[in-house]
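**Student:** Residue numbers (the numbering used here): 6 to 144. All residues carry an ideal CB built from backbone N, CA and C; glycine is no exception. Fair warning: this is a prediction, and the values are worked out from it, not measured in the lab.
#1: If we ignore side chains and look at the alpha-carbon of each, how far apart do residue 126 and residue 116 end up?
#2: Using the DSSP secondary-structure output, state which residues sit across from residue 66 in a beta bridge.
#3: Do the segment 78-96 and the segment 28-36 touch if we need at least three Cβ pairs shorter than 8 angstroms?
#4: Could you round the C-beta distance between residue 107 and residue 101 to whole angstroms and report it? I think they count as a contact, below 8 angstroms.
#5: Taking the straight line between their C-alpha atoms, what separation do you get for residue 10 and residue 16?
#6: So what's residue 100 in DSSP terms, helix, strand or just coil?
#7: Ignoring anything shorter than 4 residues, give me the alpha helix (DSSP H) runs that lie fully in the segment 16-57, in order along the chain.
#8: If contacts are defined as beta-carbon pairs under 8 angstroms, then residue 96 and residue 65 qualify, I think. What distance do you get, rounded to the angstrom?
#9: Measuring only the C-alpha atoms, how far is residue 41 from residue 52?
Written out as structure tokens, the structure is:
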């Protein structure tokens, strides 16, 4: 979420990691990965069914029920639709493209959802995703 790449406004298109094998850790690594995968399958929209760019807002708090998805849900935005875009019915912080969602749909969604959370809870959601204009400028 924060890195030297974001500060340099660098776009990363591919990553290849080379790490030494640690045979004694394989079972622990496998258990941890399966736990993460199980959590994602239970709580995040499946990408093969619902095209998504992931979470659009950072979590303002780590307290249970105070993450961006929970706040959006409590403010009534779960499964709400703007044009061809909607917030997921499984996790309200995921923007789902239900067809040919437009930039205008996305701007309206982000503005209305963040204003709704601000008005209801007094919390200003911060965008996690950086929008890149056709000319390369970022917003």
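**Tutor:** By the coordinates alone:
#1: 15 angstroms
#2: Paired residue(s): none; residue 66 is not in a bridge.
#3: no
#4: Not a contact, Cβ separation roughly 14 angstroms.
#5: 8 angstroms
#6: Of the three classes helix, strand and coil, the one that applies to residue 100 here is strand, per DSSP.
#7: 31-48
#8: With 8 angstroms as the limit, residue 96 and residue 65 do not qualify as a contact, their Cβ atoms being about 16 angstroms apart.
#9: 16 angstroms
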